Each structure stands twice: as structure tokens, then as C-alpha cells.
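**Student:**
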Amino acid sequence: MFSSKKRLDNAYASAKVIDFDDDSKFILFSDCHRGDNSFADDFANNRNIYFHALKHYYAEGFQYCEIGDGDELWENISFKAILNAHKNVYMLMKLFHKANRLHMIWGNHDMVYRNPEYVKKHLSTYFDPKVGEDVELFGDIRYHEGIVLKHSRTGQELFLTHGHQADWWNYLFWKWSRFMVRVLWKPLNVMGIADPTSPAKNYTELIKVERRTKKWIAENNNLLTIVGHTHRPRFPEPGDIAFFNDGSCVHPRSITGIEIEHGEISLIKWQIATKEDGTLQIVRVLLEGPKRLIDYKTESIL
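First residue of the sequence shown? That's 1 in my numbering, and the numbers climb one at a time after it.
1) When DSSP labels each residue in this structure, what does Gln281 get in the three-state scheme?
2) Do you know offhand how far Trp216's Cα is from Gly107's?
3) If you draw a straight line from the alpha carbon of Pro290 to that of Asn48, how long is it in whole angstroms?
4) Among Thr230, Leu83 and Thr213, which residue has its Cα nearest to the Cα of Tyr12?
5) Only counting the same chain, and skipping five residues up and downstream in sequence, which positions put a Cβ closer than 8 Å to that of Leu95?
6) What residue range is occupied by the uninterrupted beta strand (DSSP E) comprising Asp134?
7) Can you tell me where the alpha helix (DSSP H) holding Leu223 begins and where it ends?
8) Closest to Glu66 by C-alpha separation, out of Cys249, Trp270 and Glu264, would be which residue?
9) Just to confirm my understanding: we take Glu133, look at its own chain, exclude 5 residues before and 5 after, and list those with CB closer than 8 Å. What are they?
10) Going along the chain, which residues of its own chain have a beta-carbon closer than 8 Å to the beta-carbon of Met1, five neighbours each way excluded?
11) Cα separation between Glu210 and Pro129?
12) I'd like the list of long-range same chain contacts for Ile147, defined as Cβ closer than 7 Å, with 5 residues on each side in sequence excluded.
13) Ala99 and Asp36: beta carbons closer than 8 Å?
14) Using only the alpha-carbon positions, how far apart do Ser152 and Ser24 sit?
15) Please state the DSSP three-state secondary structure of Trp308.
16) Between Leu280 and the rest of its own chain, which residues show a CB-CB distance below 8 Å, the 5 nearest in sequence each way excluded?
17) Does Leu286 pass the burial test, meaning 16 or more other C-beta atoms within 10 Å, or should it be called exposed?
18) Report the residue from Val89, Glu72 and Gly247 whose alpha carbon sits nearest the alpha carbon of Phe29.
19) Apart from the five residues just before and just after Val135, which ones in its own chain have a Cβ nearer than 7 Å to its Cβ?
20) For the alpha helix (DSSP H) that contains Tyr12, what are its first and last residues?
21) Between Glu288 and Phe235, how many whole angstroms is the CB-CB distance? I'm expecting something under 8 Å.
22) Quick one: using the 10 Å Cβ neighbour count with 16 as the cut-off for buried, is Ile77 buried or exposed?
23) Can you grab the Cα-Cα spacing for the pair Glu276 / Leu54, in whole Å?
24) His33 and Glu72: beta carbons closer than 8 Å?
25) Can you tell which of Tyr143, Gly61, Gly239 and Leu293 has its C-alpha closest to the C-alpha of Glu264?
26) Counting C-beta neighbours from all protein chains within 10 Å, is the total for Arg101 16 or more, i.e. buried, or is it exposed?
27) If you compare alpha carbons, which of Glu117, Ala40, Asn88 and Asn46 is closest to Arg253?
28) Mind checking whether Asp31 and His262 have CB atoms under 8 Å apart?
29) Answer with buried or exposed for Val227, where buried requires no fewer than 16 other C-beta atoms within 10 angstroms of its C-beta.
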């Protein structure tokens, strides 16, 4: 599988299919890059925003789809340090999983999760010092390269995948990238120097990745496709190439995501806002939409 087309074809062909209807509710986040709470942990700045938002979606009955790079396993060797740094987040995700409302996709920074044995070893249980033994975390959780949300009435499909399939370096040579990040870029990141291999920080690469993905979507009858990876939110108008990106959870002072509710799709942001009396609150901001999913009907636009 050398071309981005073949890699995206494979992700779509092997995707987990989830039926949904107009009563279904989904929140899509990606690129959380949860780390160990060190200076290099980009997630740490937004973890309170993220936790508040996810708590809201759990209470409102949403299903949570995480579209890759949830855990930062390039900078960090072990998941254990990440779990200990952000245990409240994982306990909340555990509630989603227990309610069959958690759907996980692996990206390039957590590509080790494509190995079911690795997932079973590291994510099924964790050591709880309170009881002095291993207790269940995510149990039988499975990670996927892609997920297809299929509308039970209209048959419309929404394809979710991380998007690094269109980034040959970060797909084929992810182990080399991981080595470079651990040895070189993590220390430099602490000093404020960005990793040039990341499409989120390299505009030229970002454009190439987006162009390859759009080409694949156009060649597949304008299949509504939602990715992450580049950290750049995208929300097309009906009639355009149906290329969506939910952004990331490591924007400065905010997180972005995509909501699917009432048969409609929206791009949203959660951020900290200041009230008149000077106190801070976390608020949800609608950036784009809502637009009816059916208006992005599958059709050839070549």
C-alpha cells in the first residue's frame, strides 16, 4: 500500500460500521495528544476545557468518536504515565465505554493501538493503588483505522479516519518520526521549537495532505469524510468537496470538534470566556452549521 489512495481505500474497506438515525448524537474530537503533564504536554493546557466538554456530552447522551492521536505515544514511552497525569479524563471515557458510546480510531501518534494485543495489554486494566490490584479500564476496547456512520433510513455514509493515510511519511515511516520526536523534538519543543515533520506545523505539508484527501473524496462520489491530523478545522458548504476536519484539542486556549445531531452536522469550539464580574467560565461556541447531512448527498463532482 504505497499510495494515499490505496491507504484510504483500505481504511474505508475495513472500517467499523455504526448505524445511526436522526435521534443519534455524536461528538467527534481528535488530536488530543494527551501526555504526561510535563512541559511538552500540549493537552495539559486545555484539559479542563476538554473534561468539561466531554462531561457535557456524556450527560446529554452523545456517543464519543475519537479520530486518532488521542494519546501522545511518540513523546511518551508508556501509557501508564499518561493515565496517571489525566486519570479523571480516562475515568470519564470509561463511562462512555461502559455505555457502549465510545468509538476509537488510531492515528500516527498512537499507531501502536492498531495492534489488538498492545491495546489489551495496556488499556484493558490499570493498577489502582487504593485497592492494591489491577482493575478494569477499557476492558475489551477495540481501535479501528476507520469508522463508517451509516444512516439507517437514507443509507448515507459518513467516513471517519485520522487522515494520516494521505501523509506518506507519517504513515509509512511513523516509527522513524516517533524516534525523532522522542530524541530530538521533545526537548526542543520545551524550548518552543516546532517539529517540522508535523503537518499541523508545516503549512506546505498540510496543503499536500488536504489535497490528496480531497482528491480521494472526489473519486469516491464525494463521500462525506471527517478527519483530523492537520489540526486545521474544515467545514465545507453543501455542493463542495465533502472534506471535514474536526481540528484538534491542542489549539491555544480552546478545543474544536464536530457534532452530529438531529441529522445535522456542526463545527463547534469550547473555550474559556470571562464573565462581567471577572470570573471565568467554559463555553461552547458554534463556528459553522448546523447543516443537514442529507444536503451532502453522495454524488460525483469530477
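Every residue gets a Cβ at the ideal spot worked out from N, C-alpha and C, and that includes glycine. Bear in mind the structure is a predicted one, so any value in this text is a computation, not a measurement.
**Tutor:** On the basis of the supplied data:
1) Locating residue 281 in the sequence shown gives position 281, where the first residue counts as 1. Here DSSP, grouped into helix, strand and coil, assigns Gln281 to strand.
2) Within the sequence shown, residue 216 is the residue found at index 216, counting from 1. Within the sequence shown, residue 107 is the residue found at index 107, counting from 1. Whole-angstrom Cα-Cα distance: 18 Å.
3) As a position in the sequence shown, residue 290 is number 290, starting the count at 1. As a position in the sequence shown, residue 48 is number 48, starting the count at 1. Answer to the nearest angstrom: the Cα atoms are 26 Å apart.
4) As a position in the sequence shown, residue 12 is number 12, starting the count at 1. Here the closest residue by C-alpha is Thr213.
5) As a first step, residue 95 is located in the sequence shown; it is residue number 95 there, counting from the start. Closer than 8 Å at Cβ, skipping near neighbours: Tyr58.
6) Stepping through the sequence shown from its first residue, residue 134 is reached at position 134. First-last of the beta strand (DSSP E) with Asp134: Glu133 to Glu136.
7) Taking the first residue of the sequence shown as position 1, residue 223 is located at position 223. Counting along the chain, Leu223 sits inside no alpha helix (DSSP H), nor does DSSP assign it H or E at all.
8) As a working note, residue 66 is residue 66 in the sequence shown. For Glu66, the nearest C-alpha among the options comes from Cys249.
9) Walking along the sequence shown from the start, residue 133 turns up at place 133. Exclusion of the five residues before and after Glu133 leaves Phe127 as the residues of its chain whose Cβ lies within less than 8 Å of its Cβ.
10) The residue labelled residue 1 in the question sits at position 1 within the sequence shown. Below a pLDDT of 50, predicted positions are generally treated as unreliable, and Met1, at 44, falls in that range; the measurement from the model is reported next regardless. For Met1, where only same-chain residues beyond five positions count, the Cβ hits under 8 Å are Arg7 and Asn10.
11) By 1-based counting over the sequence shown, the position of residue 210 is 210. By 1-based counting over the sequence shown, the position of residue 129 is 129. Rounded to the nearest angstrom, the gap between the Cα atoms of Glu210 and Pro129 is 45 Å.
12) Within the sequence shown, numbered from 1, the residue matching residue 147 stands at position 147. Cβ neighbours of Ile147 beyond the five flanking positions: Ala15, Lys16, Ile18, Cys65, His103, Ile105 and Leu160.
13) For the purposes of this step, residue 99 is taken as the residue at position 99 of the sequence shown. For the purposes of this step, residue 36 is taken as the residue at position 36 of the sequence shown. No. Outside cutoff.
14) By one-based count along the sequence shown, residue 152 stands at place 152. By one-based count along the sequence shown, residue 24 stands at place 24. Going by the C-alpha atoms only, they are around 11 Å apart.
15) Outside the shown range of the chain, which is 1 to 302, sits residue 308, and nothing can be said about it.
16) Here residue 280 refers to the residue found at position 280 of the sequence shown. For Leu280, where only same-chain residues beyond five positions count, the Cβ hits under 8 Å are Ile272, Ala273 and Thr274.
17) By one-based count along the sequence shown, residue 286 stands at place 286. Exposure of Leu286 is indicated by the presence of fewer than 16 other C-beta atoms within 10 angstroms of its C-beta.
18) Against the sequence shown, residue 29 aligns to sequence position 29. When each option's Cα is compared against that of Phe29, the closest is Gly247.
19) Stepping through the sequence shown from its first residue, residue 135 is reached at position 135. Result list for Val135: Thr125, Tyr126 and Asp128, in chain order.
20) In the sequence shown, the residue the question calls residue 12 occupies position 12. Taken as a continuous stretch (DSSP letters only), the alpha helix (DSSP H) holding Tyr12 covers Ser4 to Ala13.
21) Along the sequence shown, one-based indexing puts residue 288 at 288. Along the sequence shown, one-based indexing puts residue 235 at 235. 4 Å between Cβ atoms; contact.
22) Indexing the sequence shown from 1 puts residue 77 at position 77. Ile77 is exposed by the Cβ-count criterion.
23) For this step, residue 276 is matched to residue 276 along the sequence shown. For this step, residue 54 is matched to residue 54 along the sequence shown. One Cα belongs to Glu276, the other to Leu54, and the distance between them is close to 26 Å.
24) Sequence index remark: in the sequence shown, residue 33 carries index 33 (1-based). Sequence index remark: in the sequence shown, residue 72 carries index 72 (1-based). Yes. Within cutoff.
25) For the purposes of this step, residue 264 is taken as the residue at position 264 of the sequence shown. The residue with the shortest Cα to Cα distance from Glu264 is Leu293.
26) Your numbering for residue 101 matches position 101 in the sequence shown. So Arg101 ends up on the buried side.
27) Residue 253 sits at position 253 when you count from the first residue of the sequence shown. Arg253 has its Cα closest to that of Asn46, out of Glu117, Ala40, Asn88 and Asn46.
28) Numbered from its first residue, the sequence shown carries residue 31 at position 31. Numbered from its first residue, the sequence shown carries residue 262 at position 262. Not closer than 8 Å, so no.
29) Within the sequence shown, the letter at position 227 stands for residue 227. Taking all protein chains in view, the Cβ of Val227 is crowded by 16 or more other Cβ atoms within 10 Å, so the residue is classified as buried.
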